[in-house]
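Colleague: Next up is a structure, given as C-alpha cells.
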Amino acid sequence: MKKLVIFDLDGTLLNTIADLAAATNQALQYYGYPTHEMEAYRFFVGNGINKLFERALPEGERTEENVLKIRSQFIPYYDEHNADLSRPYPGISELLKTLQQQGIMIGVASNKYQATRKLIAHYFPEINFVEVLGQREGIPAKPDPSIINEIMTKAGVKQEDILYVGDSNVDMQTAHHAGVTAIGVAWGFRPRTELEALHPAHIIEKAEELLPLLLS
2 MKKLVIFDLD GTLLNTIADL AAATNQALQY YGYPTHEMEA YRFFVGNGIN
52 KLFERALPEG ERTEENVLKI RSQFIPYYDE HNADLSRPYP GISELLKTLQ
102 QQGIMIGVAS NKYQATRKLI AHYFPEINFV EVLGQREGIP AKPDPSIINE
152 IMTKAGVKQE DILYVGDSNV DMQTAHHAGV TAIGVAWGFR PRTELEALHP
202 AHIIEKAEEL LPLLLS
C-alpha cells in the first residue's frame, strides 16, 4: 500500500487553463502584444510562469525584461481572478476525500507560484495536505526533483511508498528524477502521447482509477 500521493496542480487537480489564458492575455494586451486562443495555453504552461510568458510573447520579444513586465501585470490580475473559471476535474474532490479516509497522505507539487496554496485552500478546504508547494525563489522548478524530495522528507516516507500524479512530460520527468512511481492523467492539458513517450507506470482516464494503484 502506498503511503503518499503527490499531485501536480494545473491540469491534474484543477482545470485552470481559462483563468491562466485570460490573465496572460490581459497582460499581453496591456503592453500591446498579440494575444492567443485558450487552447494555445495548454502548451505554454507547465514550466512556471516566467516560461509561460516567454512562450506567449512574440518570438522577437522574448527578453528577460519583457517577461518581467508581463509578470508584473499578470500577478495582481491573476491573484484576483484565479478562481473565476477554474474548477476541479470530475471525481477529484471525491478521490481526495477517499485517500484521506484511507489514511493516505496527500501532497501537491506544482510549478505554479504562490497561488498554489491559495487555490488548494479555496477548492479543497476539507482536505488535510501534508504539504502544498509551488515554485519558490531559489528552488529549482520541476522536472528537478527538489520539490518532491522536500515533501517526501516532511512525510517521512521512502521513494517506493510514493505515487506522483501529473498530466505532462514535465511531471513524468519529475517522478523519474525523484525515483518515485509516475502516474499520468489523460484528462489534463497535454495529449496522451506526450505522457506515453515518458513511460509512466500507468496512465489513467478517470480519477477513481488511481485507487487500485495504491496497492501496486
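For the sequence shown, my numbering begins at 2 and goes up steadily by one.
Heads up, the beta-carbon is just placed ideally off N, CA and C, and yes, glycines get one too.
Since the structure is predicted, the reported quantities are computational estimates derived from the model, not experimental observations.
Anyone know if the C-beta pair for Leu120 and Leu10 falls short of 8 Å?
Modeller: In contact: Leu120 and Leu10 (Cβ atoms closer than 8 Å).
Colleague: Under 8 Å between the Cβ atoms of Tyr114 and Ile50?
Modeller: Yes, the Cβ-Cβ distance between Tyr114 and Ile50 is below 8 Å.
Colleague: If we count the other Cβ atoms within 10 Å of its Cβ and call it buried at 16 or more, is Thr64 buried or exposed?
Modeller: Flag for Thr64 reads exposed.
Colleague: Could you check the C-alpha separation between Gly104 and Val131 for me, to the nearest Å?
Modeller: Answer to the nearest angstrom: the Cα atoms are 12 Å apart.
Colleague: Quick check for students: name the residue ranges of the beta strand (DSSP E) that lie wholly in the segment 16-70, counting only runs of 3 or more.
Modeller: List check, beta strand (DSSP E) in window: nothing returned.
Colleague: Between Ser169, Ala23, Lys52, which lies nearest to Gln136 when the distance is taken from Cα to Cα?
Modeller: With distances taken between Cα atoms, Gln136 lies closest to Lys52.
Colleague: Beta-carbon within less than 6 Å of Val68's beta-carbon, same chain only, minus the 5 sequence neighbours each way: which residues are those?
Modeller: Cβ neighbours of Val68 beyond the five flanking positions: Asn51, Phe54, Glu55.
Colleague: Alpha carbons only, please: which of Asp85, Glu151, Glu161 is nearest the one belonging to Tyr124?
Modeller: Checking every option, the nearest Cα to that of Tyr124 belongs to Asp85.
Colleague: When you compare only the Cα positions, how much space is there between Ser169 and Ala176?
Modeller: Going by the C-alpha atoms only, they are around 11 Å apart.
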